[in-house]
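Visitor: Shown below is the structure under consideration.
2 protein chains.
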Amino acid sequence: MTATAVPTITKDDLARTAAALRDFAVRTPLVESAELSRRFGAPVWVKCEHHQPIGAFKLRGAYTAISRLAPEVRARGIITHSSGNHGQAVAYVAKHFGVRAVIVMPETAPQVKVDGIRRHGAEIVFTTKKERERKAQELIDRDGLVMVAPYDNLDVIMGQGTCAFEILEDQPGVGTMIVPIGGGGMLAGTCAAVAAIKPSVAVWAVEPALSPKLSAALQAGHPVPFEPVDTLADGLVPPSTGKITFEYIRPVVRGAVTLTEDEIAAGVRFLFHSMGLRVEPSGATPVAALLAGKVVPNGPTACILTGGNVDPAVFARLVA
Amino acid sequence: MTATAVPTITKDDLARTAAALRDFAVRTPLVESAELSRRFGAPVWVKCEHHQPIGAFKLRGAYTAISRLAPEVRARGIITHSSGNHGQAVAYVAKHFGVRAVIVMPETAPQVKVDGIRRHGAEIVFTTKKERERKAQELIDRDGLVMVAPYDNLDVIMGQGTCAFEILEDQPGVGTMIVPIGGGGMLAGTCAAVAAIKPSVAVWAVEPALSPKLSAALQAGHPVPFEPVDTLADGLVPPSTGKITFEYIRPVVRGAVTLTEDEIAAGVRFLFHSMGLRVEPSGATPVAALLAGKVVPNGPTACILTGGNVDPAVFARLVA
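Protein chains in written order, with this note's numbering: chain E, 2 to 321; chain D, 2 to 321.
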């Protein structure tokens with residue numbers, strides 16, 4: 002069992018990356034939940050990544066990675082595989098740079114995410130979740146496209162790390178951060194930022210009980226492949242935790258907690274009815290973990306609400 | 002100066018209309034703003050209509066009107082003119098009933114609203130703001146479509162009135178309601194609901210200073226035509242206050258206040274940074290009126306945030 006060596010991400014790296022994002026992404030607000038603060042006796046904030054232009058944090062990583070490509074490389078066009086939000090981010094950024102984008106998606110992706118990608122003019126190739134990585138490779142071989150991986154990419158991780166960087170700027174007293182984990186891009190960025198800026202912060206990961214990839218990886222000491230499953234948290238079911246992301250996560254994260262579908266739904270409902278926020282199930286998992294008593298705040302706590310792209314009919318059913 | 006006789010809307014009418022909406026629209030939350038409550042010494046809530054499936058309250062009226070058409074009439078297809086949100090609502094409802102929808106829109110409508118209409122499969126006919134009513138009539142004459150007017154329609158007004166009905170259910174102690182006014186559908190529904198349920202509530206209307214249609218109408222005693230103008234509040238610039246809506250508004254509303262473009266922008270910024278809400282400029286005007294000191298709350302206050310459909314680039318610029 003050999004650890005992959007990954008470069009250290011410094012506070013300076015994050016500050017420069019965050020500054021470069023300013024003209025492109027929103028510096029999202031960190032909003033206090035009066036009800037959760039009361040309940041836990043310490044401030045609880047939510048970081049509103051669902052209010053990024055594409056409705057999810059993925060813009061941070063996609064812009065960082067694509068903007069750093071050499072122009073002649075970028076001009077060949079971008080390809081990625083995504084269950085939705087990363088695909089929307091790549092489509093949005095590619096349009097900004099005027100280059101082609103191809104998104105390889107599972108057929109089960111929510112319509113709202115498919116529509117978002119189409120709206121930004123990207124091409125979509127549908128495939129099964131199992132085959133999406135192979136399908137992408139075929140297109141790279143055929144068309145010379147550049148892969149911008151959804152999470153196992155250093156620039157993507159650095160971009161996602163700007164979210165925790167902003168949290169630590171806004172509320173330096175934060176003691177706990179709770180982060181959803183799919184492939185681990187946001188969690189790796191958060192762990193890197195915490196390691197660089199305030200190592201005492203307790204970082205907790207949250208994942209669907211139907212697909213406990215990080216729990217399994219932490220136990221095994223390496224990423225473990227998982228079969229695709231249907232869960233409300235459709236953004237948190239890649240084939241496994243990333244290899245690179247895992248190296249940033251493992252030394253920092255306090256642990257991974259798993260949530261049932263009902264617990265995830267309760268998080269969506271709470272955010273809507275108590276705070277007026279429309280957050281997708283994947284993005285609601287940090288608050289759901291607090292509500293379920295599965296993470297106990299260590300002082301002031303920030304929950305990263307990673308996205309808000311949920312099909313209207315699904316949403317209406319969840320909050321009814 | 003003759004007043005048009007309009008039928009009284011009863012609490013029972015509103016209760017039945019609200020119940021019929023339950024399977025179709027969201028019962029949106031009424032969320033307290035801790036900061037505004039502190040500032041004014043009484044609870045201030047925002048009613049989150051921007052979280053309806055199409056991102057605006059217009060679903061209430063469009064569904065109510067279209068669902069009440071005789072099936073054989075509805076089957077001929079629906080037409081309307083709209084700057085965006087009513088068009089999205091009609092498109093969404095028409096899709097639900099499997100009938101054709103044609104939306105006559107100004108060429109200046111925000112792209113996000115155009116996209117929303119297209120996504121729901123409606124046809125769009127672009128025209129100038131000045132010509133949109135004439136253009137719609139041409140299509141009615143040619144294709145036999147049924148007009149579902151954006152505000153001067155009793156069922157639309159009744160549908161919009163369910164919003165204030167829900168506010169009064171959730172917070173019977175409310176003393177002030179602040180409502181944006183364009184053609185007056187939401188304001189008329191609010192006035193009708195307040196008259197039926199709690200006449201002591203002070204209802205205030207808010208409009209852009211660049212297009213003070215209700216202020217002019219209240220002074221003249223009848224709706225006054227206005228030239229189209231460009232304002233951040235793109236949802237609040239129909240050719241005039243409605244004739245029918247005005248009859249519901251006039252006896253109830255305490256007054257209309259006007260906001261500068263900067264004041265409107267400040268409302269958008271506040272809702273985002275203080276509450277994490279992404280609200281379009283038109284929808285932010287009630288909170289903007291409070292922030293600008295132009296409405297002083299009479300006890301517990303509800304602000305109706307009418308919609309959230311704002312072009313991402315415009316939004317990013319507004320909140321930066």
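Built from N, CA and C at the ideal position, the CB exists for glycine as well.
All figures in this text were calculated on a predicted structure; none of them were measured in a lab.
#1: Closest by CA to L22 (chain D), which one among D:D144, D:V105, D:V157?
#2: Check for me: the beta strand (DSSP E) holding V103 (chain E) runs from which residue to which?
#3: Can you give the Cα-Cα distance for L233 (chain D) and P282 (chain D), rounded to whole angstroms?
#4: Buried or exposed: where does H87 (chain E) fall if 16 or more other Cβ atoms within 10 Å of its Cβ makes it buried?
#5: Buried or exposed: Q112 (chain E), going by 16 or more other Cβ atoms within 10 Å of its Cβ?
#6: Under DSSP, the alpha helix (DSSP H) around I182 (chain D) begins and ends at which residues?
#7: So, does the CB of G62 (chain E) fall closer than 8 Å to a CB anywhere in chain D?
#8: Going by beta-carbon coordinates alone, are V91 (chain E) and A76 (chain E) separated by less than 8 Å?
#9: Out of D:S38, D:V207, D:Q138, state which residue places its alpha-carbon closest to the alpha-carbon of T286 (chain D).
#10: With DSSP as the reference, label P213 (chain D) as helix, strand or coil.
#11: If contact means a Cβ-Cβ distance below 7 Å, which residues of the region 39-55 of chain E contact chain D?
#12: Roughly how far, in whole angstroms, is the beta-carbon of G84 (chain E) from the beta-carbon of G236 (chain E), given that I think they are within contact range, below 8 Å?
#13: Which chain E residues are close to V180 (chain D), counting only those with a beta carbon under 9 Å from its beta carbon?
#14: Taking the straight line between their C-alpha atoms, what separation do you get for A20 (chain D) and L155 (chain E)?
#15: Tell me which residues share the same chain as Y93 (chain E) and place their Cβ nearer than 8 Å to its Cβ, disregarding the 5 neighbours each side in the sequence.
#16: Where does H223 (chain D) fall in DSSP's three states?
#17: Looking only at DSSP bridge pairs, what is K199 (chain E) linked to?
#18: Between D:P226, D:E228, D:P72, D:G184, which lies nearest to I250 (chain D) when the distance is taken from Cα to Cα?
#19: Just the Cα atoms here: how many angstroms apart are I198 (chain E) and L169 (chain E)?
#20: Apply the 10 Å Cβ neighbour rule to H82 (chain E) and answer buried if 16 or more other Cβ atoms are within range, or exposed otherwise.
#21: Can you check whether the C-beta of L70 (chain E) is within less than 8 Å of a C-beta belonging to chain D?
#22: Do we get a CB-CB distance below 8 Å when we pair M2 (chain E) with the residues of chain D?
#23: Between R318 (chain E) and chain D, is any beta-carbon pair separated by less than 8 Å?
#24: Report yes or no: is there a C-beta of chain E within less than 8 Å of the C-beta of G277 (chain D)?
#25: Grab me the residues of S212 (chain E)'s own chain with a C-beta within less than 7 Å of its C-beta, minus the 5 sequence neighbours each way, in chain order.
#26: I want to verify the contact list: residues of chain E whose CB lies under 7 Å from the CB of D171 (chain D), in sequence order.
#27: Within its chain, find whatever has a CB closer than 7 Å to the CB of T163 (chain E); leave out the 5 residues flanking it on each side and keep chain order.
#28: Between the Cα of V45 (chain E) and the Cα atoms of E:E262, E:V7, E:P301, which residue gives the shortest distance?
#29: Buried or exposed: which applies to F166 (chain E), given that a residue is buried once 16 or more other Cβ atoms fall within 10 Å of its Cβ?
#30: With a threshold of 8 Å between beta carbons, is D142 (chain E) in contact with chain D?
#31: Report yes or no: is there a C-beta of chain E within less than 8 Å of the C-beta of A35 (chain D)?
#32: Tell me the start and end of each unbroken alpha helix (DSSP H) in the region 73-140 of chain D that is at least 4 residues and wholly inside, in chain order.
#33: Whose C-alpha, out of E:L306, E:D24, E:A314, is nearest the C-alpha of M187 (chain E)?
#34: In angstroms, rounded to a whole number, what distance separates the CA positions of M2 (chain D) and P313 (chain D)?
#35: Between V32 (chain E) and chain D, is the shortest Cβ-Cβ distance under 8 Å, so that the two count as touching?
#36: Anything in the region 250-282 of chain E with a Cβ closer than 8 Å to a Cβ of chain D? List those residues in chain order, please.
Guide: The answer reads as follows:
#1: In the second sequence, counting from the first residue as 1, residue 22 (chain D) sits at position 21. When C-alpha distances from L22 (chain D) are compared across D:D144, D:V105, D:V157, the shortest belongs to D:V157.
#2: For the purposes of this step, residue 103 (chain E) is taken as residue 102 along the first sequence, with counting starting at 1. Counting along the chain, V103 (chain E) sits inside the beta strand (DSSP E) bounded by residues 102-107.
#3: Your numbering for residue 233 (chain D) matches position 232 in the second sequence. Your numbering for residue 282 (chain D) matches position 281 in the second sequence. Near 6 Å, if we compare the C-alpha coordinates of P282 (chain D) and L233 (chain D).
#4: Counting from one through the first sequence, the residue named residue 87 (chain E) turns up at place 86. Under the 10 Å beta carbon count, H87 (chain E) is surrounded by 16 or more other beta carbons and is classified as buried.
#5: Indexing the first sequence from 1 puts residue 112 (chain E) at position 111. Its Cβ having fewer than 16 others within 10 Å, Q112 (chain E) is exposed.
#6: Numbered from 1 along the second sequence, position 181 holds the residue referred to as residue 182 (chain D). For I182 (chain D), there is no enclosing alpha helix (DSSP H), as DSSP gives it neither H nor E.
#7: Residue numbering aside, residue 62 (chain E) sits at position 61 when the first sequence is read from its first letter. By the rule that beta-carbons nearer than 8 Å mark a contact, G62 (chain E) does not touch chain D.
#8: Position 90 of the first sequence holds residue 91 (chain E). Position 75 of the first sequence holds residue 76 (chain E). Not in contact: V91 (chain E) and A76 (chain E) (Cβ atoms no closer than 8 Å).
#9: Taking the second sequence and counting its residues from 1, the one referred to as residue 286 (chain D) is at position 285. The candidate whose alpha carbon is nearest that of T286 (chain D) is D:V207.
#10: Position 212 of the second sequence, counted from the start, is the residue given in the question as residue 213 (chain D). Coil, per DSSP.
#11: Listed in sequence order: V47, C49, H52, P54.
#12: By one-based count along the first sequence, residue 84 (chain E) stands at place 83. By one-based count along the first sequence, residue 236 (chain E) stands at place 235. Gly is not the amino acid found at residue 84 (chain E); the sequence shown has Ser there. S84 (chain E) to G236 (chain E), Cβ: 6 Å. Contact.
#13: By one-based count along the second sequence, residue 180 (chain D) stands at place 179. Here the premise fails: no neighbours, minimum Cβ distance about 17 Å.
#14: Residue 20 (chain D) sits at position 19 when you count from the first residue of the second sequence. Residue 155 (chain E) sits at position 154 when you count from the first residue of the first sequence. Cα-Cα distance, rounded: 52 Å.
#15: Looking up residue 93 (chain E) in the first sequence gives position 92. The answer, listed in chain order, is P54, I55, L60, A63, H121.
#16: Start at 1 with the first residue of the second sequence, and residue 223 (chain D) comes out as number 222. Coil at H223 (chain D), not helix or strand.
#17: For the purposes of this step, residue 199 (chain E) is taken as residue 198 along the first sequence, with counting starting at 1. BP columns for K199 (chain E) are empty, so no partner.
#18: On the second sequence, position 249 is the one that residue 250 (chain D) refers to. For the residues D:P226, D:E228, D:P72, D:G184, the minimum Cα distance to I250 (chain D) belongs to D:G184.
#19: On the first sequence, residue 198 (chain E) is found 197 positions in, with the first residue counted as 1. On the first sequence, residue 169 (chain E) is found 168 positions in, with the first residue counted as 1. If I take the Cα positions, the gap works out to 8 Å.
#20: As a working mapping, residue 82 (chain E) is identified with position 81 in the first sequence. Per the 10 Å Cβ criterion, buried.
#21: By one-based count along the first sequence, residue 70 (chain E) stands at place 69. Taking Cβ atoms only, chain D never reaches closer than 8 Å to L70 (chain E), which makes this a no.
#22: Here residue 2 (chain E) corresponds to residue number 1 of the first sequence, with the count starting at 1. Any reading at M2 (chain E) needs caution, since the residue's pLDDT is 42, under 50, leaving its predicted position unreliable; the model's value is listed next. Judged by the 8 Å Cβ criterion, M2 (chain E) is not in contact with chain D.
#23: The sequence position of residue 318 (chain E) within the first sequence is 317, counting from 1. No - not a single Cβ of chain D is within 8 Å of the one on R318 (chain E).
#24: Translated into the one-based positions of the second sequence, residue 277 (chain D) becomes position 276. Output row for G277 (chain D): interface = yes.
#25: Along the first sequence, one-based indexing puts residue 212 (chain E) at 211. For S212 (chain E), where only same-chain residues beyond five positions count, the Cβ hits under 7 Å are F227, V230, T232, L237, V238.
#26: Walking along the second sequence from the start, residue 171 (chain D) turns up at place 170. The contacting residues do not exist; D171 (chain D) stays about 10 Å from chain E at best.
#27: Here residue 163 (chain E) refers to the residue found at position 162 of the first sequence. The residues are L15, T18, A19, L22, R61.
#28: Mapped onto the first sequence, residue 45 (chain E) falls at position 44. Comparing C-alpha distances from V45 (chain E) to each of E:E262, E:V7, E:P301 shows the shortest one belongs to E:P301.
#29: Counting from 1 along the first sequence, the entry for residue 166 (chain E) is found at position 165. Residue environment for F166 (chain E): buried (at least 16 other C-beta atoms within 10 angstroms of its C-beta).
#30: Taking the first residue of the first sequence as position 1, residue 142 (chain E) is located at position 141. Taking Cβ atoms only, chain D never reaches closer than 8 Å to D142 (chain E), which makes this a no.
#31: Here residue 35 (chain D) corresponds to residue number 34 of the second sequence, with the count starting at 1. Under the 8 Å criterion on CB atoms, A35 (chain D) is classed as interfacial with respect to chain E.
#32: Taken in chain order, the complete alpha helix (DSSP H) segments of 4 or more residues contained in the region 73-140 of chain D are 86-98, 112-120.
#33: Reading the first sequence from its first residue, position 186 is the one you call residue 187 (chain E). The residue with the shortest Cα to Cα distance from M187 (chain E) is E:L306.
#34: For the purposes of this step, residue 2 (chain D) is taken as residue 1 along the second sequence, with counting starting at 1. For the purposes of this step, residue 313 (chain D) is taken as residue 312 along the second sequence, with counting starting at 1. With a pLDDT of only 42 at M2 (chain D), under the threshold of 50, the placement of this residue in the model should not be trusted; the figure read from the coordinates follows. Going from the Cα of M2 (chain D) to the Cα of P313 (chain D) covers about 45 Å.
#35: Your numbering for residue 32 (chain E) matches position 31 in the first sequence. With 8 Å as the cut-off, V32 (chain E) counts as an interface residue toward chain D.
#36: For chain D, the residues of the region 250-282 of chain E that bring a beta carbon within less than 8 Å of one of its beta carbons are F273, H274, S275, M276, G277, L278, R279, in chain order.
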